[in-house]
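Trainee: Once you've had a glance at the structure underneath, I'll fire off some questions.
Residue numbers (this note's numbering): 688 to 1057.
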C-alpha cells in the first residue's frame, strides 16, 4: 500500500524544522549522558545510564539490546526528554536540546512508540480521537487534526472509516499497535523510538508490524531507534547495533559485525543465549555466568568483570572506554597497551622533529620516541 502524503496546510509543520546535514549526518548526538534514580526513603541511587555517548545517523535503524534493567528503555526516554537526565548533552540536528531548541520543538520531530499499545491509547477516546490528540495539542483545529488522523490511519493500513470510531478495547493487539504508530506519525516526526514495540505480539502479527515499519521508514524517510530483547528481530531490522550492560555501552557496530564477529564477552554471551531449535547449540554451557550486579552498588572497574571469563587485574582497576572506529568495544582486551594480556601491543609513538634553526643540529628530522 502506498503511503498517503500529508497535505500542505493540514499538517503541523514544526517551527524551524531544518535538515542541517542531510543524509549520513547525525540526527541525534549524545554526549556523556547520565541518569540516576533516587530510591525513595534512602540516600541510595540507581545508576540507570552512565556516561553514554553515541551518534544516531539520519535514515538509519539503530538497534539497542541488553538484558532487562540494562538501561536501554531509560536511554530512549532520555533521548526524548520523557525523563530528565542527571547530566550530559543531547544535540538534535545541530541544536542543543533545552538550549538552542526547546524540548517541545524536538518532540514534534521525534516520537516514541511504547510496548504497551493498550496503555498508550486513551480508553475513553476513539481511535481517531487518540490519533488527533497530538495535532490538537499543537494548536490545530479539530477538523484539521481529524483529517491528519485519517491520513495517519491509512498510512498504517487501518481504514479510518472502519476502525476510526472504535475504542482500544475493540481492537486486536496488532491493530492497537498500528493505531499507536499512527498516533506517533500524526505529528510528522523524523524519528521514532520503538521500545519493545512488537514484543507483546505473536510472531505472525509482529512480522506484519515490522513490514509496516520498514515501509514507513523507506517512504517517509524516518530514522529509528529500535529497542528490543529479541536479537533475531534486531538483526533483521537494524543497520547498526548498540549493546548495553548495566547502563553503559559495551559494544557498537554494524549489525553484520555485531552478529558475525562479536568482540565483547557480554555480547558473545548474549548471542549464545538466543533461543534455538538447533540441538547442537542447546548443549552449550551456560552463556553467561552469574547474575548482573546491583545497579545501586555496581562493582569498581569494568561492570562486567564479575562475570567475565577473561578477568584480569586491570579489569577491576578502571572503566574501559569505547575504542575508536566503526566497530567499537569497551573492553581492555581490545584497548592497545591497556595492561590486559590479550590486548594489542603497540610500539611507542615515533615522531619526526625538525631541529630549531641555527642550532647546528647534526641530523635534520631526527627520530624521537615519545
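Note that beta-carbon positions come from the ideal geometry of N, C-alpha and C, so glycine has one too.
#1: Taking the runs of the alpha helix (DSSP H) that are 4 residues or longer, which of them lie wholly in the region 722 to 780?
#2: Classify residue 876: buried if its beta carbon has 16 or more other beta carbons within 10 angstroms, exposed otherwise.
#3: Which residue marks the beginning of the beta strand (DSSP E) containing residue 881, and which one marks its end?
#4: Leaving out five residues before and five after residue 996 in sequence, what residues of the same chain have Cβ atoms less than 8 Å from its Cβ?
#5: Is there contact between the region 807 to 824 and the region 832 to 852, where contact requires at least three CB pairs shorter than 8 Å?
#6: Mind checking who residue 1012 pairs with in its DSSP beta bridge?
#7: Specify the secondary structure class of residue 1053 as computed by DSSP and reduced to three states.
#8: Taking the alpha helix (DSSP H) that residue 939 belongs to, which residues open and close that run?
#9: Looking at the structure shown, is residue 875 part of a helix, part of a strand, or coil, going by DSSP?
#10: I'd like the span of the beta strand (DSSP E) that includes residue 793, first residue to last.
#11: Could you give the residue range of the alpha helix (DSSP H) that holds residue 959?
#12: Give the secondary structure of residue 865 by DSSP, where H, G and I count as helix, E and B as strand, and everything else as coil.
#13: Identify every residue that forms a DSSP beta bridge with residue 929.
#14: Under 9 Å, do residue 779 and residue 799 count as touching if we go by C-beta distance?
#15: Taking all protein chains shown into account, decide if residue 908 is buried (16 or more other Cβ within 10 angstroms of its Cβ) or exposed.
#16: Name the two residues that bound the continuous beta strand (DSSP E) containing residue 914.
#17: Start and end of the alpha helix (DSSP H) containing residue 820?
#18: Going straight from the alpha carbon of residue 830 to that of residue 987, what length do you get?
#19: Between which two residues does the alpha helix (DSSP H) carrying residue 1024 extend?
#20: Return the CA-CA distance between residue 888 and residue 860, expressed in angstroms with no decimal places.
#21: For residue 1020, which residues in the same chain have their Cβ closer than 7 Å to its Cβ, ignoring the five residues on either side in sequence?
#22: By Cβ distance, which residues of its chain are closer than 7 Å to residue 694, with the 5 residues on each side in sequence left out?
#23: Can you tell me the Cβ-Cβ gap for residue 982 and residue 735, rounded? I've got them flagged as a contact below 8 Å.
#24: Measuring only the C-alpha atoms, how far is residue 797 from residue 759?
Mentor: Quick look at the numbers:
#1: List check, alpha helix (DSSP H) in window: 759 to 766.
#2: buried
#3: The continuous beta strand (DSSP E) containing residue 881 extends over residues 878 to 882.
#4: 952 and 976
#5: With a cut-off of 8 Å, the region 832 to 852 and the region 807 to 824 count as touching, because enough Cβ pairs lie within range.
#6: DSSP output for residue 1012 lists no bridge partner at all.
#7: Legend: pLDDT at residue 1053 = 44, less than 50; position of this residue unreliable, value from coordinates given subsequently. DSSP places residue 1053 in strand when its eight states are reduced to three.
#8: No alpha helix (DSSP H) contains residue 939, which is instead part of the beta strand (DSSP E) from 935 to 941.
#9: coil
#10: Residue 793 -> not in any beta strand (DSSP E); alpha helix (DSSP H) instead, spanning 790 to 796.
#11: 952 to 959
#12: helix
#13: 751 and 939
#14: no
#15: exposed
#16: 910 to 914
#17: 814 to 824
#18: Taking the straight line from one Cα to the other gives about 58 Å.
#19: Looking at the DSSP string, residue 1024 is not in any alpha helix (DSSP H), and its letter there is neither H nor E.
#20: 7 Å
#21: 997, 1027, 1029 and 1030
#22: A caution first: residue 694 carries a pLDDT of 39, below 50, which makes its placement in the model unreliable, though a value can still be read off. The answer is none, since no qualifying residue turns up.
#23: 7 Å
#24: 17 Å
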